[in-house]
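Reviewing the structure listed below.
In the working numbering, the protein residues as written are 17 to 564.
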């Protein structure tokens, strides 16, 4: 089921909600207001206790009547919703601070369509005899950057509400304004010492772990966490264990024998945490083209989440309400800094295919000019618009959370000086001072234990490269060089190759009205490397999903 809600506004307001059972979703309706909130509110218990309330829907209605739409600032977690203020004749529609709970909208033919799912919104347009056409420039951005930029979608004149924003719709005039309620642009630099920053990071991270794992208890759910060979999931697990929330199960998925499996398996064994591993060997799931295009809704490349789909659909016991992760930790604590000072963003980290950059250069530069900080650009356009595809796949089964994604953590991380964060300097100091046991295990990114700062740059540049050459060129074990070596899977399976060839032949006709795009898609599919082949197929899958 597609969770969330849809709203159609013409002469009347027609709304429908689609809630999953067992979470914090609610609807409040009276003669003055209609409020819908869908999702998981991580600080719900805290808010109820602070305000001496037992019913959260009643409390939030009180917040709205006191603070109007600013009431959404009270919430932390994975949520989205709307408020129909019948007295002011306005509709407010909001997403969470990271836009992981997506909401799309369009205004056409004196009607406004709003939906938490782009696929469902496109169907509503067609049912109302409104044509759904591709935004060709945005499709070239998908090829260039691996995901849509900012609030863009594959459909012309359809947009996504930005992270930390809400729509204010005047129901008399149908004027739509997009406004910000959570702002990282004006965060001031941290004014204290680095040691104080490490202590504050420890306190914020601890509080977030308590909030997340406490939510499991509130929902009567087991503690289920992802675990890989990286630092982010490791820190979450070890903090949870330290704070008395020992995970009931750790889950890893990767190529068998790769570092992600060997490291995570060792950690789980050492801490006596039940461990599940899903092998990604063979790559037969590379055929999930249509399924993943529907889940990404054409806003990101399907290959970014295809392995997550396979892993979770093969997980036997899905008796959990939350999937704990370490999502974007590496990014906000150094990964989005390319220099040790604040600078405007550039092509680094965002461009995945230079071939089409000239086609989108003008629009790209306009976007870049809106940012004074590369961190904020990458946070929105890499973390929120690309990395979270895995979370959207997981949301078929449960909500994914991360202690690195709370409002307090985001504000704190952005406030830290770039010179502290570059190359994960502060991250490693925090790890080694306050969770030194995290450095007992190899860090997948470097192939070395994270117990010294020099390893964060030496490892990827030297040790991992040597290991890659050793496995691919000398030992001929290409399957050992990545968590999911898609190209290895593709060229070692005639069945997968045949599937892609057939998919291409059966769907290339869909581009007949777009000869330039068709030529470029044909060029991509003719390339030897799987990444470019799959990009071409991705465009065909988007057309199949939405347009013809």
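C-beta: ideal position from N, C-alpha, C; glycine also.
Limits of the unbroken alpha helix (DSSP H) element including residue i
i	result
residue 357	Segment: none, residue 357 is in no alpha helix (DSSP H) and carries neither H nor E.
residue 323	322-329
residue 381	373-385
residue 621	One cannot answer for residue 621 here, as it falls past the ends of the chain, which runs 17 to 564.
residue 184	First-last for residue 184: 181-186, but that is the beta strand (DSSP E), not the alpha helix (DSSP H).
residue 25	Here residue 25 belongs to no alpha helix (DSSP H); instead the beta strand (DSSP E) covers 20-25.
residue 565	Only positions 17 to 564 of the chain appear in this structure, which leaves residue 565 out of reach.
residue 438	From DSSP, residue 438 is part of no alpha helix (DSSP H); its letter is neither H nor E.
residue 214	210-234
Straight-line Cα distance separating residue j from residue i
i	j	result
residue 320	residue 308	9 Å
residue 142	residue 523	21 Å
residue 468	residue 443	11 Å
residue 154	residue 303	25 Å
residue 167	residue 285	43 Å
residue 241	residue 192	40 Å
residue 566	residue 253	No answer is possible for residue 566: it lies beyond the span of the chain, which begins at 17 and ends at 564.
residue 68	residue 203	32 Å
residue 244	residue 279	7 Å
residue 5	residue 201	This structure leaves residue 5 out entirely; the chain is present only between 17 and 564.
residue 116	residue 91	14 Å
residue 61	residue 81	20 Å
residue 394	residue 456	31 Å
residue 579	residue 273	The question about residue 579 has no answer, for the chain in this structure spans 17 to 564.
residue 483	residue 513	Because residue 483 carries a pLDDT of 48, less than 50, the predicted location of this residue cannot be relied on, and no value is offered for it.
residue 518	residue 35	38 Å
residue 121	residue 232	33 Å
residue 337	residue 93	14 Å
residue 314	residue 212	43 Å
residue 225	residue 261	9 Å
Coil, strand or helix - residue i by DSSP
i	result
residue 266	strand
residue 295	strand
residue 563	coil
residue 39	coil
residue 287	coil
residue 458	coil
residue 123	strand
residue 516	helix
residue 425	helix
residue 553	helix
residue 486	Unreliable placement is indicated for residue 486, whose pLDDT of 41 sits below 50; the coordinate value is still reported in the next sentence. If DSSP states are grouped into helix, strand and coil, residue 486 belongs with the helices.
residue 15	Outside the displayed range of the chain (17 to 564) lies residue 15, so it cannot be described from this structure.
residue 8	With the chain represented from 17 up to 564, any question about residue 8 goes unanswered, as that position is not in the structure.
residue 464	strand
residue 404	coil
residue 28	coil
residue 528	coil
residue 128	strand
residue 364	coil
residue 145	coil
Beta-carbon spacing of residue i, residue j below 8 Å
i	j	result
residue 250	residue 454	yes
residue 38	residue 235	yes
residue 334	residue 413	yes
residue 89	residue 182	no
residue 79	residue 40	no
residue 171	residue 530	no
residue 460	residue 306	no
residue 398	residue 324	no
residue 148	residue 562	yes
residue 124	residue 173	yes
residue 11	residue 416	No information on residue 11 is available, as it lies outside the stretch 17 to 564 that the chain covers here.
residue 205	residue 431	yes
residue 546	residue 506	yes
residue 33	residue 54	yes
residue 165	residue 176	no
residue 400	residue 179	yes
residue 132	residue 96	yes
First and last residue of the uninterrupted beta strand (DSSP E) at residue i
i	result
residue 203	Here residue 203 belongs to no beta strand (DSSP E), and DSSP marks it neither H nor E.
residue 96	93-101
residue 193	192-196
residue 240	240-242
residue 46	Counting along the chain, residue 46 falls outside any beta strand (DSSP E), and DSSP gives it neither H nor E.
residue 338	338-340
Closer than 8 Å to chain D by CB, residue i
i	result
residue 415	The chain inventory of the structure shown lacks chain D, comprising one protein chain alone.
ask   = Given 8 Å as the limit, is there contact between the region 346-358 and the region 430-447, that is, 3 or more CB pairs closer than that?
value = The answer is yes - the region 430-447 touches the region 346-358, with three or more Cβ pairs under 8 Å.
inquiry  = Can you confirm whether the region 352-370 touches the region 383-403 when touching is taken to mean that 3 or more C-beta pairs between the two stretches lie within less than 8 Å?
reply    = In short, these stretches touch, since the Cβ pair count reaches three.
ask   = Counting pairs of Cβ atoms below 8 Å between the region 495-509 and the region 289-299, do you hit three or more?
value = Under the three-pair Cβ rule at 8 Å, the region 495-509 counts as touching the region 289-299.
request  = Pair every Cβ in the region 95-114 with every Cβ in the region 21-35, then say whether three or more of these pairs are closer than 8 Å.
outcome  = Contact between the region 95-114 and the region 21-35 is present, because at least three Cβ pairs lie under 8 Å.
request  = Would you check if there are 3 or more beta carbon pairs closer than 8 Å linking the region 219-227 to the region 42-51?
outcome  = The region 219-227 vs the region 42-51: no contact.
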